[in-house]
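Enquirer: Handing you a structure now.
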Amino acid sequence: MSVIHPSKFILGSFLSSIPISAPPKFICFSTPHAPLLQKSYPCSCSHHVSSFPRRTHVVVSSKSPEAEELPTQEDEWLDKLPDKNKPLYSHSLPCIEAWLSSLGFQQSREDRAVWLVERSDWHAQLSLDITDLYIRYLKSGPGNLERDVERRFSYALSRQDIENAILGGP
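Position in the sequence shown counted from 1, then plus 268, gives you this note's numbering.
Right, dumping it as structure tokens:
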């Protein structure tokens, strides 16, 4: 998470101090006024340079604490992946999609069963058919292909075998 340096804020006397030892996820501001945010949290800051008699500590974060702790939906499906030696037909579609995404494939907007990947030495289009998985290495990509090269893999093959074959290139 990027941190915004306090000098970026131009608040005049509103910003009375910046704590020296703030938690890495948050910046604590000490203000003599009522907080602008709905919630205020106690701050574990011990050193302030201001001499205002009454301070309200406000924790500011670019994300809510809940959003930082929640894994992405893709991460959840990656965690649910069956063993890599199990056949691909034992994987749910969301697990297969998360797996392809983790390999660098991008899902086509026109056809959700089509995935595209651009490697430094080849480009490919992967299609999830009813009975098989197809990959077409494109001659329009880098490399010296004279024509598109297409391979077909049964869903009965293990995810590891399919991954090795696909990433091996044309």
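Glycine included, each C-beta is placed from N, C-alpha and C at the ideal position.
(1) Per DSSP, E418 forms a beta bridge with which residues?
(2) When the Cβ atoms of the stretch 398–406 are set against those of the stretch 417–437, are three or more pairs found closer than 8 Å?
(3) Verify whether the separation of the beta carbon atoms of L384 and Q374 is less than 7 Å.
(4) Sorted by chain position, which residues of the same chain lie with C-beta nearer than 6 Å to P292's C-beta, five sequence neighbours on each side aside?
(5) Which same chain residues end up closer than 8 Å to K354 when comparing Cβ atoms and leaving out the 5 residues on each side of it in sequence?
(6) If we count the other Cβ atoms within 10 Å of its Cβ and call it buried at 16 or more, is I430 buried or exposed?
(7) Report the option in S395, G411 and L406 whose CA atom is closest to the CA atom of E365.
(8) What residue does the alpha helix (DSSP H) around L435 start on, and which one ends it?
(9) Assuming W345 is part of the beta strand (DSSP E), what are its boundary residues?
(10) Taking L356 as the reference, give the member of D397, R387 and P410 with the closest Cα.
(11) By Cβ distance below 7 Å, which residues in the same chain neighbour K352 in space, the five residues on each side in sequence not counted?
(12) L361 by DSSP, collapsed to three states: which one?
Expert: In short:
(1) Counting from 1 along the sequence shown, the entry for residue 418 is found at position 150. R404, per the DSSP bridge assignment.
(2) At 8 Å Cβ cutoff, the stretches touch.
(3) The residue labelled residue 384 in the question sits at position 116 within the sequence shown. The residue labelled residue 374 in the question sits at position 106 within the sequence shown. Yes, the pair counts as a contact, with Cβ atoms nearer than the cut-off.
(4) As a first step, residue 292 must be located in the sequence shown, where it is residue number 24. Note that P292 has pLDDT 46, beneath the 50 cutoff, so the model's placement of it is unreliable and no number is given.
(5) What you label residue 354 is simply residue 86 of the sequence shown in a count that begins at 1. Closer than 8 Å at Cβ, skipping near neighbours: S426 and R427.
(6) Counted from its first residue, the sequence shown places residue 430 at position 162. Counting other Cβ atoms within 10 Å of its Cβ, I430 reaches 16 or more and is therefore classed as buried.
(7) By one-based count along the sequence shown, residue 365 stands at place 97. Of the residues S395, G411 and L406, the one whose Cα lies closest to the Cα of E365 is S395.
(8) Locating residue 435 in the sequence shown gives position 167, where the first residue counts as 1. First-last of the alpha helix (DSSP H) with L435: R427 to L435.
(9) Position 77 of the sequence shown holds residue 345. In the DSSP annotation of this structure, W345 is not part of any beta strand (DSSP E); the continuous alpha helix (DSSP H) holding it starts and ends at Q341 to D347.
(10) Counted from its first residue, the sequence shown places residue 356 at position 88. With distances taken between Cα atoms, L356 lies closest to D397.
(11) Counting from 1 along the sequence shown, the entry for residue 352 is found at position 84. Here the set comprises S426, R427 and Q428.
(12) Residue 361 sits at position 93 when you count from the first residue of the sequence shown. DSSP, reduced to helix, strand and coil, places L361 within a helical segment of the structure shown.
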